[in-house]
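Trainee: Sharing a structure with you now.
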Amino acid sequence: MPEFLPRAKLKNYPSRNLILMKRKGTIHFRASFTLDPVIQKQVKEAFVKLYQDGLIYRGETPELAAKREVFEETNLVVENLENIAEEIEEKEKILAVKFVDYNSWEVKEGSGLYRSFFTNFDEYLKPLNSAKNDYLLVATSRPETIFADVALFINPHDQPDESIKIDFGSGVLKCTPGHDFADYELGKKYQLPIISCVNEKGILNELAGPWQGREISSIREEFVAKLVEKKICVKIKEYETNLAYSSKSGAVIEPLLSQQWFLDLPALIKEVEKKQPNFLSKIEFMPNQFQKKIEDWKNKTHEWCISRQLW
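The sequence shown maps to residues 1 to 311 in UniProt numbering.
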């Protein structure tokens, strides 16, 4: 940040933004620069008031972040690029991985379900190689996050939770609350430990055992090869998916557990609705396709991260 601020204050940065505003037809005679002292003062005052009104709080949740760079992006602004795997001549891979039945494996609260899995493959293989076939088959496209798994869920017909898709993968879901939004909600719902196997720069921590200290994206091929070698991974299949990219850096964005400030958006919208019922119907949107996007935004049931860094 110290190196960035002097560069951000250079004249060409505000003027370049002003040119973009003019191109969009924006009214710009009251334009201000984000780092102007008067603007910073107003932001701080608004922040304090929101805090005093109980509308913002600090918490640790998965937020979208670009690998290699700490560019935080909320799920309200990420650009979803369909079929990007084809555009870059790459497809995602889904793996079928054996997981030991949790009833026969030690589970320590606050740690990964299968921590010994990564530090001692041979020990983990014992129940897998038994005649009982005492394991569950889990499909995952992100094997590198297995280090932070805390639970397994099965499909709706087997009664655990309605959010599990029976027609995708094996019908068994590995739950990684620190690395996935849906898993995070499951973690809160069932009071599961919420842990992360990486730091804010995407470097693996102690949960990764021998892979500690390495960038999470760099170990995927090596880790998958190890799973295949030990016959823990029994199948690999390619599939097409949507990938999200940072609007600033162009890097792939994935959920990362981090400390952020959140605005209680549902409560705020409720207050606005009290004072201005159906307020969106009184606004004319140009172009009109953004009407639906704003309505979707208004109907969000989760908090809004307001401390993201998009430098």
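Cβ coordinates follow ideal geometry from the N, Cα and C atoms, glycine included. Values in this document were obtained by computation on a predicted structure and should not be read as measured data.
Check whether the Cβ atoms of residue 215 and residue 202 lie closer than 8 Å to each other.
Mentor: Cβ atoms of residue 215 and residue 202: closer than 8 Å.
Trainee: With DSSP collapsed to three states, give me the class of residue 184.
Mentor: helix
Trainee: Who pairs with residue 261 in a beta bridge, going by DSSP?
Mentor: 58
Trainee: Give a yes or no on whether the minimum CB-CB distance between residue 217 and chain D is below 8 Å.
Mentor: Protein chains in the displayed structure number just one, and chain D is not present.
Trainee: Am I right that residue 137 and residue 96 are in contact with their C-beta atoms under 8 Å? What's the rounded C-beta distance?
Mentor: 6 Å
Trainee: Nearest-angstrom Cα distance between residue 35 and residue 47?
Mentor: CA-to-CA, the gap between residue 35 and residue 47 works out to about 16 Å.
Trainee: How many Å lie between residue 141 and residue 256 at the Cα?
Mentor: 16 Å
Trainee: Would you say residue 285 and residue 276 are within 8 Å of each other, going by their C-beta atoms?
Mentor: no
Trainee: Measure the alpha-carbon distance for residue 151 versus residue 211 and round it to whole angstroms.
Mentor: A straight-line Cα-Cα distance of about 22 Å links residue 151 and residue 211.
Trainee: Between 42, 139, 172 and 62, which lies nearest to residue 303 when the distance is taken from Cα to Cα?
Mentor: 62
Trainee: Let's test the definition: count the other Cβ atoms within 10 Å of the Cβ of residue 56 and tell me whether it reaches 16, buried, or not, exposed.
Mentor: buried
Trainee: So, at 8 Å on beta carbons, what are the nonlocal neighbours of residue 295 in its own chain, with the 5 sequence-adjacent residues on each side left out?
Mentor: 280
Trainee: What residues match up with residue 97 in a beta bridge as DSSP calls it?
Mentor: 138 and 233, per the DSSP bridge assignment.
Trainee: Kindly indicate which residue of 153, 178, 145 and 300 has the alpha-carbon position closest to the one of residue 258.
Mentor: 178
Trainee: If you count every other CB in all the chains shown that lies within 10 Å of the CB of residue 185, and 16 or more means buried, which is it?
Mentor: It counts as exposed.
Trainee: How long is the line joining the alpha carbons of residue 144 and residue 299, rounded to whole angstroms?
Mentor: 33 Å
Trainee: Which same chain residues, not among the five before or five after residue 269, have their C-beta less than 7 Å away from its C-beta?
Mentor: 298
Trainee: Beta strand (DSSP E) containing residue 46: first to last residue?
Mentor: Looking at the DSSP string, residue 46 is not in any beta strand (DSSP E); the run it does join, the alpha helix (DSSP H), is 37-52.
Trainee: For residue 223, does the three-state DSSP call read helix, strand or coil?
Mentor: helix
Trainee: Can you name, in chain order, every residue of its own chain whose Cβ lies under 7 Å from the Cβ of residue 205, other than the five neighbours on each side?
Mentor: 197, 198, 199 and 212
Trainee: Taking the CB atoms as reference points, tell me whether residue 261 and residue 306 lie closer together than 8 Å.
Mentor: With a cutoff of 8 Å on beta-carbon distance, residue 261 and residue 306 are scored as near each other.
Trainee: Whose C-beta lies closer than 7 Å to the C-beta of residue 32 among residues of the same chain, with five residues either side of it excluded?
Mentor: 39
Trainee: Output the distance between the C-alpha atoms of residue 238 and residue 139, rounded to the nearest integer angstrom.
Mentor: 12 Å
Trainee: Answer yes or no: do residue 154 and residue 174 have a C-beta to C-beta separation smaller than 8 Å?
Mentor: no
Trainee: Buried or exposed: where does residue 265 fall if 16 or more other Cβ atoms within 10 Å of its Cβ makes it buried?
Mentor: buried
Trainee: By how many angstroms is the C-alpha of residue 254 removed from the C-alpha of residue 41?
Mentor: 33 Å
Trainee: Taking the Cβ atom as the reference point for each residue, do residue 263 and residue 50 lie within a distance shorter than 8 Å?
Mentor: yes
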